[in-house]
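Numbering (our numbering), first residue to last: 53 to 571.
Built from N, CA and C at the ideal position, the CB exists for glycine as well.
This report concerns only the one structure given below.
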């Protein structure tokens with residue numbers, strides 16, 4: 053039976069802050085806390101004794117303990133600081149699985165065989181952590197599955213820092229644990245209202261009832277609560293080179309030739325990264341041709357690149373190269389002689405694993421869209437992302453699936469931008485309509501942004517909609533300094549008698565158009 057051993061360092065973020073030279077005010081022995089999104093994320097023992105609690109608002113923490121020193125949480129600092137501990141642990145145990153900063157797992161069986169017992173292995177690892185970081189406290193949990201081992205480590209004490217769950221007893225051990233250990237807020241809230249407060253209560257409901265009420269997610273949590281779920285350990289060795297060059301045996305000028313030739317080497321490159329505990333979410337692909345030309349492009353993945361994903365990117369990039377050079381007057385098109393991958397800012401694999409409870413992002417959508425993309429090209433599958441705009445049909449950007457949507461680096465104020473909530477239906481071509489007053493006359497907007505009458509009817513062709521309420525108009529003037537590209541409109545929001553909201557605008561020519569509909 054394969055058992056998991058987990059080393060847990062409580063309050064690791066605080067330990068990392070103690071080592072940060074940019075935070076000289078955060079030192080051991082004083083009331084201190086780290087803040088995330090305005091709330092206390094971790095606090096020192098001294099702060100806890102003064103009444104500060106995790107989740108407390110920073111203002112309340114100051115009121116509770118006026119002498120407390122606060123600093124912002126920093127995930128990068130936590131990771132960088134724990135990497136030094138990992139390096140020292142690797143000297144004792146080469147293979148490990150990093151779950152989070154301050155939380156690392158090992159296979160217990162090999163350690164117990166080498167050091168004589170699970171208890172001896174745990175003591176050795178705790179000593180290694182203390183030598184690496186004297187301010188850190190190490191606790192150890194051992195169980196048949198990863199989830200139970202983590203819970204065991206987190207339910208140790210200073211007097212008994214090692215907790216081993218006997219083989220086959222994970223379900224019994226977990227039964228008394230509060231449902232909060234599932235770390236699923238929606239499910240925890242629901243079960244609490246139903247009077248289910250422990251994992252034992254949850255398991256007693258039965259898998260059929262849980263599946264019927266909570267679906268596949270509930271079934272996953274049931275397996276977790278019985279000690280049967282959780283992700284298998286993915287052991288990591290030391291980091292490796294994240295670049296790879298594939299030299300082709302001869303110049304190739306056909307895309308499918310290249311794809312076939314690089315497939316095996318690309319798979320080996322991907323496997324090498326994964327064995328070292330890395331995944332590639334951004335890659336620079338460099339294509340070298342026999343005429344000394346080089347084509348380079350950076351690709352981004354919404355999750356991480358598999359080997360087949362990398363091969364697809366090479367195919368798409370090569371297709372684009374050949375299309376760009378189709379007009380060249382030559383009898384012999386250039387042949388590809390080498391492909392080079394460079395993983396840019398590779399991320400640790402644990403951040404992309406399903407999680408302790410065996411649940412991760414559904415990859416089926418990505419698989420289908422990537423498959424379609426491989427058939428129609430990178431720009432054939434587009435995803436929409438919101439962006440700030442003054443006109444409804446410009447309020448989204450389309451980017452190829454897998455590419456990073458454009459982001460404004462320093463967004464300043466945008467006078468006249470559409471306020472939230474944005475309309476649900478946006479017309480690519482605005483429809484011409486009439487806005488009619490009670491006297492049947494067309495309503496116009498004056499130079500002082502005033503309506504000639506109150507809107508009573510919205511007319512589109514032969515259909516008339518009686519208006520119940522309206523707001524506006526608001527003038528929107530874009531690029532007033534450039535007569536060639538400037539645009540001036542008056543925007544009006546109306547609600548008809550059916551409760552449907554409409555966003556309409558009047559141009560300088562006094563014509564009304566429907567931009568969008570609030571469904």
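Inset, instruction - Would you kindly work out how many angstroms separate the C-alpha atoms of residue 529 and residue 495, rounded to a whole number? - result: 20 Å
- Message: Less than 8 Å between the C-beta atoms of residue 552 and residue 485, yes or no?
- Response: no
- Query: Using CA coordinates, which residue listed in 424, 113, 390 and 181 is at the minimum distance from residue 140?
  - Reply: 181
_By alpha-carbon positions, which one of 368, 257, 329 and 358 ends up nearest to residue 311?_
368
At least three beta-carbon pairs within less than 8 Å, the region 226 to 234 to the region 58 to 78: no
**Prompt:** Does the distance from the CB of residue 346 to the CB of residue 314 come in under 8 Å?
**Reply:** no
Practice problem: Flag this pair as touching only if the region 121 to 136 and the region 77 to 90 have three or more C-beta atom pairs under 8 Å; answer yes or no. | Solution: yes
Would you kindly work out how many angstroms separate the C-alpha atoms of residue 61 and residue 173, rounded to a whole number? 16 Å
| For residue 299: DSSP bridge partner residues | 390
Notebook entry, point to check: How would you call residue 128, buried or exposed, if buried means at least 16 neighbouring beta carbons within 10 angstroms?
Noted result: exposed
Between which two residues does the alpha helix (DSSP H) holding residue 451 run? Segment 448 to 452 is the beta strand (DSSP E) holding residue 451; no alpha helix (DSSP H) there.
query = So who's on the other strand from residue 548, going by DSSP bridges?
reply = 519
Starting from the C-beta of residue 503, find all residues in its chain whose C-beta is less than 7 Å away, skip the five residues before and the five after it, and write them out in chain order.
495, 497 and 525
| query | How long is the line joining the alpha carbons of residue 388 and residue 306, rounded to whole angstroms? | reply | 9 Å
For residue 57, the first and last residue of its enclosing beta strand (DSSP E):
56 to 60
Handout entry: Touch test, the region 159 to 173 against the region 101 to 114, Cβ-Cβ under 8 Å, three pairs minimum
Key = no
With distances taken Cα to Cα, identify the nearest neighbour of residue 491 among 481, 479, 209 and 505. 505
Out of curiosity, what's the CA-to-CA distance linking residue 351 and residue 450? 16 Å
For residue 259 and residue 252, what's the separation of their Cα atoms in angstroms? 12 Å
- Nonlocal neighbours in the same chain, by C-beta distance under 7 Å from residue 222, ignoring five residues either side: 195, 196, 197, 200 and 279
| message | Please report the distance separating the alpha-carbon of residue 482 from that of residue 568. | response | 8 Å
>> Distance check for residue 303 and residue 7, CA to CA, integer angstroms please.
In response: Nothing in the structure corresponds to residue 7, since the chain is present only between 53 and 571.
**OP:** Compute the Euclidean distance between the alpha carbons of residue 607 and residue 220, then round it to the nearest angstrom.
**Re:** Since the first residue shown for the chain is 53 and the last is 571, residue 607 is missing from the structure and cannot be characterised.
Closest by C-alpha distance to residue 225, when choosing among 522, 207, 242 and 236:
207
Closest to residue 356 by CA distance: which of 348, 366 and 333 is it?
-> 333
Taking residue 328 as the reference, give the member of 516, 99 and 148 with the closest Cα. 148
_residue 431 to residue 437 span [Cα, whole Å]_ = 15 Å
- Message: Please report the distance separating the alpha-carbon of residue 209 from that of residue 78.
- Response: 25 Å
- Task: Compute every distance between the C-beta of residue 544 and the non-hydrogen atoms of the ligand HEM, then say whether any falls below 7 Å.
- Result: Looking for the ligand HEM in the displayed structure turns up nothing, as the structure carries no ligands at all.
Rounded to whole angstroms, what's the CA-CA distance from residue 309 to residue 317? Just pull it up for me. 14 Å
Distance between residue 54 and residue 176 (C-alpha atoms, nearest Å) = 20 Å
* **Identified DSSP bridge partners for residue 158** => 57
Could you have a look at residue 234 and say whether DSSP puts it in helix, strand or coil? helix
Look at the alpha carbon of residue 239 and the alpha carbon of residue 203, and state the distance between them as a whole number of angstroms.
18 Å
From the DSSP output, which residues share a beta bridge with residue 215? 193
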